[in-house]
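Beneath this line is the structure, given in structure tokens, with notes to follow.
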Amino acid sequence: MRWAGFLGCLLLIASHGFQSSFQIGLQVPLRFDSEKKSEKVLRIATFNVALSAQQPNGLKQRLHSTSDLQLQNIAAILQKVRPNIVLLNEFDFDDSGESLGLLQSNYLQRSQHELKPISYPHVYVAPSNTGIPSGFDLDRDGRLDSPGDALGFGKFSGQYAFVLLSQYELEREKIRTFQKFLWRDLPGALLPNHPDRLGQGDWYSKDELDILRLSSKNHVDVPVSVHGHRLHLLLSHPTPPVFDGPENRNGRRNHDEIRLWSDYLSVGENANYLIDDAGKSGGLHSENLFVVLGDLNADPVDGDSYNQAIRQLLEHERIHPAVWHDNRVPRSEGGKFQKPRNPPHRGDPAEDTAAWGFRVDYVLPARELKILRGGVFWPNPDETEATWLKPSSDHRLVWVDLKLP
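Here it is as structure tokens:
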């Protein structure tokens, strides 16, 4: 049975009305807010906040209120966990900066559930392929204007985008984006086959492949300066490997979106083909520190991802091995009480990050970084904080504490 639960499928701009530099496991501790971290300990998190609206500017309109229950609980979770850096998936693109300004001023910088407010002076908004019309009937539904016909699934341009919030300065001039990289230009791309023909990779026509991008949203490398170290944050949100047909176009695309980061980290010949939106080629050199972040929509043992796609990263020689086979894999207590929607369930439910019972959200550090601990914010059902979950998102925040060299 195919899994479900997904709610929907470098622009640099000045700060907008708030003091920001705006630019385009172990068990969870019970007392996040009372912890004192060393200045060289960095807490990094990813959180699919499921905030995307059903119409343009819908999210911005919601953010003008200070009493939206979902937004209050999202802010409470961030105030509780207090990551230094966090990626928020499914936050609609807004090139004015107003949406992020409102999120900070109306929610993060206001106490929720008597927690200490939190602020992120450096933020980045990633432009997204979602909702950009392709001009073709990519999903073969007889229309040219459905969400599945866009370069990335979406009802309007920028739906389901993502944003980065940081307490450390971003190195803006070194940001790389791969939003426009074409799927066909990936060597050995898993282009879908038409189920009624004998050809290979022939679901899409040549004209369609001439414009179809690999990234369903964007793939972005954002360097951040932390206490004299440069840390590359590799951000993305691949399409879920479902909601298609026997051609498995979404499953194949999800696999190849994950593969882009795998090749980017491999450098050498495996990465020479990669050309970013500014025309620079190649991957991330071996001396660079990094963390891969995002809702990658792939579970290592459960679900319908193509050929266990996430293992391309979990088993990568440059990724810290503790994120796969170790007690430092982010875990929770509450996940063990969640009944999977699609049994049988082979993975450890304590490692799940989505309400439907899969591990799909990841913080994957370089092996040179020391992982102190990590967790999934999923409290036991009898804890007060558990009441924040359902009104916030169908995903759980995942965090990792890192010791810099």
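Using our numbering, count along the sequence shown one by one with no gaps and you end on 1363. Using N, Cα and C, we set each Cβ at its ideal position, and we do this for glycine too.
Which residues in the same chain have their Cβ closer than 6 Å to the Cβ of residue i, if we skip the five residues on either side of it in sequence?
{"i": "valine 1356", "result": "Thr1004, Pro1288, Thr1311, Asp1319, Val1321 and Val1334"}
{"i": "glutamine 1270", "result": "Ile1216, Arg1217 and Ser1220"}
{"i": "arginine 1188", "result": "Pro1181"}
{"i": "arginine 1101", "result": "none"}
{"i": "proline 1105", "result": "Phe1111, Gly1112 and Lys1113"}
{"i": "arginine 1354", "result": "Thr1311, Val1334, Phe1335 and Trp1336"}
{"i": "arginine 1364", "result": "Only positions 959 to 1363 of the chain appear in the structure, and residue 1364 is not among them; the question remains open."}
For residue i, which of the options has the nearest alpha-carbon?
{"i": "valine 999", "options": "Tyr1126, Asn1206 and Trp1282", "result": "Tyr1126"}
{"i": "lysine 1038", "options": "Ser1351, Trp1346, Lys1361 and Leu1360", "result": "Trp1346"}
{"i": "glutamate 1326", "options": "Asn1246, Arg1354 and Glu1309", "result": "Asn1246"}
{"i": "phenylalanine 1343", "options": "Pro1279, Ile1035, His1022 and Ser1092", "result": "The question names phenylalanine, but residue 1343 is glutamate in the sequence shown. Comparing Cα-Cα distances from glutamate 1343 to each of Pro1279, Ile1035, His1022 and Ser1092, the minimum goes to Ile1035."}
{"i": "asparagine 1015", "options": "Ala1119, Glu1273 and Leu1172", "result": "Ala1119"}
{"i": "leucine 1096", "options": "Gln1117, Leu1128 and Lys1164", "result": "Lys1164"}
{"i": "alanine 1011", "options": "His1243, Leu1045, Phe1114 and Val1081", "result": "Phe1114"}
{"i": "aspartate 1314", "options": "Asp1352, Leu1242, Glu1275 and Thr1024", "result": "The sequence given here places tryptophan at residue 1314; aspartate does not occur at that position. Ranking the options by Cα distance to tryptophan 1314, first place goes to Asp1352."}
{"i": "proline 1363", "options": "Val1184, Leu1272, Asn1212 and Pro1339", "result": "Val1184"}
{"i": "aspartate 1235", "options": "Pro1075, Leu1021 and Ala1084", "result": "Ala1084"}
{"i": "glutamine 1266", "options": "Gly1237, Phe1316, Ala1308 and Asp1154", "result": "Phe1316"}
{"i": "phenylalanine 1051", "options": "Pro1079, Leu1272, Ile1090 and Thr1024", "result": "Ile1090"}
{"i": "aspartate 1340", "options": "Phe1295, Gly1159, His1303 and Glu1273", "result": "Phe1295"}
{"i": "lysine 1348", "options": "Gln1013, Asp1257 and Leu1027", "result": "Leu1027"}
{"i": "glycine 1261", "options": "Leu1242, His1274, Glu1273 and Pro1302", "result": "Pro1302"}
{"i": "valine 1249", "options": "Asn1338, His1152, Lys1361 and Arg1142", "result": "Lys1361"}
{"i": "glycine 1146", "options": "Arg1155, Thr1197 and Ala1229", "result": "Ala1229"}
{"i": "proline 1079", "options": "Leu1058, Leu1073, His1071 and Gln1070", "result": "Leu1058"}
{"i": "aspartate 1053", "options": "Val1259, Leu1009, Ser1086 and Lys1138", "result": "Ser1086"}
{"i": "glutamate 1166", "options": "Arg1155, Gln1158, Arg1142 and Glu1131", "result": "Arg1142"}
{"i": "glutamine 1153", "options": "Lys1138, Asp1284, Arg1098 and Lys1238", "result": "What sits at residue 1153 in the sequence shown is proline, not glutamine. Per the Cα distances, Arg1098."}
{"i": "glycine 1186", "options": "Asn1006, Phe1094 and Glu1129", "result": "Glu1129"}
{"i": "glutamine 1137", "options": "Lys1297, Gly1157 and Gly1237", "result": "Gly1237"}
Residue i and residue j: beta carbons closer than 8 Å?
{"i": "leucine 1191", "j": "leucine 1251", "result": "yes"}
{"i": "leucine 1140", "j": "serine 1092", "result": "no"}
{"i": "tryptophan 1336", "j": "glycine 1305", "result": "no"}
{"i": "aspartate 1179", "j": "isoleucine 1133", "result": "yes"}
{"i": "isoleucine 1032", "j": "serine 1350", "result": "yes"}
{"i": "glutamate 1048", "j": "lysine 1018", "result": "no"}
{"i": "serine 1194", "j": "serine 1173", "result": "yes"}
{"i": "aspartate 1214", "j": "leucine 1144", "result": "yes"}
{"i": "glycine 1116", "j": "threonine 1135", "result": "no"}
{"i": "glycine 1240", "j": "leucine 1232", "result": "yes"}
{"i": "leucine 1060", "j": "leucine 1021", "result": "yes"}
{"i": "leucine 1029", "j": "tyrosine 1082", "result": "no"}
{"i": "proline 1196", "j": "asparagine 1176", "result": "no"}
{"i": "aspartate 1284", "j": "isoleucine 1268", "result": "no"}
{"i": "aspartate 1103", "j": "phenylalanine 1094", "result": "no"}
Taking DSSP's pairing of strands, which residues face residue i in a bridge?
{"i": "serine 1239", "result": "Ile1233"}
{"i": "isoleucine 1277", "result": "Ala1324"}
{"i": "valine 1358", "result": "Ile1002 and Gly1332"}
{"i": "proline 1091", "result": "Ala1108"}
{"i": "arginine 1134", "result": "Asp1179"}
{"i": "arginine 1171", "result": "Leu1140"}
{"i": "phenylalanine 1120", "result": "Asn1047 and Ala1084"}
{"i": "aspartate 1319", "result": "Asp1253"}
{"i": "valine 1184", "result": "His1187"}
{"i": "alanine 1312", "result": "His1353"}
{"i": "phenylalanine 1201", "result": "Looking at the DSSP assignment, phenylalanine 1201 forms no beta bridge with any residue, so it has no partner."}
{"i": "phenylalanine 1248", "result": "His1190"}
{"i": "leucine 1128", "result": "Val1182"}
Spatial neighbours of residue i within its chain, please: C-beta separation below 7 Å, excluding the five flanking residues on both sides.
{"i": "valine 1358", "result": "Ile1002, Pro1288, Val1321, Pro1323, Ile1329 and Gly1332"}
{"i": "serine 1077", "result": "Gln1062, Leu1066 and Gln1067"}
{"i": "serine 992", "result": "Reliability fails at serine 992, whose pLDDT of 37 lies under 50, so the model's placement of it is uncertain and the value that follows must be treated cautiously. If we look at serine 992 and ignore the five residues flanking it on each side, it has no Cβ neighbours."}
{"i": "phenylalanine 1201", "result": "Asn1208"}
{"i": "proline 1041", "result": "Arg1001, Ile1002, Ala1003 and Trp1357"}
{"i": "leucine 988", "result": "Since pLDDT at leucine 988 reaches only 39, below the 50 mark, its modelled position is unreliable, and no value is offered."}
{"i": "glutamine 1070", "result": "Gln1030, Ala1033, Ala1034 and Gln1037"}
{"i": "asparagine 1006", "result": "Asn1047, Glu1048, Asp1253, Asp1319, Ser1351 and His1353"}
{"i": "leucine 1073", "result": "Asp991, Ala1034, Gln1037 and Lys1038"}
In chain order, what residues of the same chain have a beta carbon less than 8 Å from the beta carbon of residue i, not counting five sequence neighbours either side?
{"i": "asparagine 1206", "result": "Pro1150, Pro1199 and Tyr1264"}
{"i": "alanine 1280", "result": "Arg1286, Val1287 and Ile1329"}
{"i": "glutamine 1013", "result": "Lys1113 and Phe1114"}
{"i": "asparagine 1064", "result": "Leu1021, His1022, Ser1023, Thr1024 and Leu1029"}
{"i": "isoleucine 1277", "result": "Leu1223, Val1250, Leu1271, Leu1322, Pro1323, Ala1324 and Arg1325"}
{"i": "glutamate 1273", "result": "Trp1282"}
{"i": "serine 1244", "result": "Val1225 and Arg1276"}
{"i": "glutamate 1131", "result": "none"}
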